[in-house]
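Residue 0 is where the sequence shown starts when you use numbering that gives the first Met the number 0, and the numbers rise one by one after that.
For glycine and all other residues, C-beta sits at the position ideal for the given N, C-alpha and C.
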Amino acid sequence: MVSSSVNPCITSLPKPCWKGESLAIKIPEDAYHEGLRRCSKHLHGRVLLAKGQKPLKTVDIIAKLSKLWSHLAGWSIISLGRGFFELEFKNDHDIGMVLAAGPWSLDPGLLRLSLWKQDFNPRTYKNTFAQVWLRVLDLPQEY
Numbered sequence: 000m001v002s003s004s005v006n007p008c009i010t011s012l013p014k015p016c017w018k019g020e021s022l023a024i025k026i027p028e029d030a031y032h033e034g035l036r037r038c039s040k041h042l043h044g045r046v047l048l049a050k051g052q053k054p055l056k057t058v059d060i061i062a063k064l065s066k067l068w069s070h071l072a073g074w075s076i077i078s079l080g081r082g083f084f085e086l087e088f089k090n091d092h093d094i095g096m097v098l099a100a101g102p103w104s105l106d107p108g109l110l111r112l113s114l115w116k117q118d119f120n121p122r123t124y125k126n127t128f129a130q131v132w133l134r135v136l137d138l139p140q141e142y
């Protein structure tokens, strides 16, 4: 399920200002903390594909996960780019269930989920793990 987005009235947005060569917007502290509170029910996900596999479209991922997660109270997903997604869930129980049962097979590809992290940026993310299949021939059974 993809939640609909609302376009805010432009006059209600904070006025931008220049900080050096960057455009900056001041966010009120209470709004910032409210945003952090809402993100407590979010996860980050990444679709892992084998070399040569065609990337999945977000709409295809939604269709596959809707079948796998039909028993959940509700969820939404947005693409962050570079194979990363942010997922929002209605309750902590559902978050625990999808984390415990993962990674999720999307056929093709796997969806690996992790807890939401503040200041996450898919463009600067450095991969620190690799999933490998190791076959050792003639290894005695006790190993």
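Pick out whichever of the options has its Cα sitting closest to the Cα of residue i.
i      : options                           : result
Cys38  : Glu85, Leu47, Leu22 and Leu71     : Glu85
Leu35  : Leu138, Lys116, Gln130 and Thr127 : Lys116
Asn126 : Ser113, Ser69 and Tyr142          : Ser113
Ser11  : Pro54, Trp74, Pro27 and Ala129    : Pro27
Lys63  : Gly73, Pro107, Gly95 and Glu33    : Pro107
Is the CB of residue i under 7 Å away from at least one CB in chain C?
i      : result
Leu112 : Here chain C cannot be found, since the structure has a single protein chain.
I'd like the span of the beta strand (DSSP E) that includes residue i, first residue to last.
i     : result
Leu22 : Ser21 to Ile24
Arg45 : His41 to Leu47
Ser11 : Careful: Ser11 lies outside any beta strand (DSSP E) and carries neither H nor E.
Gly34 : Per DSSP, Gly34 belongs to no beta strand (DSSP E); it is in the alpha helix (DSSP H), Glu28 to Arg37.
Pro54 : Counting along the chain, Pro54 falls outside any beta strand (DSSP E), and DSSP gives it neither H nor E.
Gly80 : Trp74 to Gly80
Pro15 : Pro15 to Lys18
Suppose the cutoff is 7 Å on Cβ atoms and the five residues either side in sequence are ignored; what does the same chain contact list for residue i look like?
i      : result
Leu22  : Pro15
Phe119 : His43
Val131 : none
Hey, would you say residue i sits closer than 7 Å to residue j, going by beta carbons?
i     : j      : result
Leu47 : Arg111 : yes
Leu71 : Asp93  : yes
Lys40 : Phe88  : yes
Gly82 : Arg45  : yes
Quick one: give me the first and last residue of the alpha helix (DSSP H) that residue i is part of.
i     : result
Lys63 : Thr57 to Leu67
So, for residue i: in the same chain, excluding its five sequence neighbours on each side, which residues have a beta-carbon less than 8 Å away from its beta-carbon?
i      : result
Ser78  : Thr57 and Phe84
Leu67  : Trp103
Gly101 : Leu110, Arg111 and Leu112
Between which residues of its own chain and residue i is the CB-CB distance below 6 Å, once the five residues before and five after are set aside?
i     : result
Pro13 : Ile24 and Lys25
Could you name each continuous alpha helix (DSSP H) segment of 4 residues or more that falls completely within the segment 88-112, going from the start of the chain to the end? Taken in chain order, the whole alpha helix (DSSP H) runs of length 4 or more contained in the segment 88-112 are 91-100.
Entirely enclosed beta strand (DSSP E) segments - the segment 110-137, minimum 3 residues: As far as the segment 110-137 is concerned, it has no whole beta strand (DSSP E) run of at least 3 residues.
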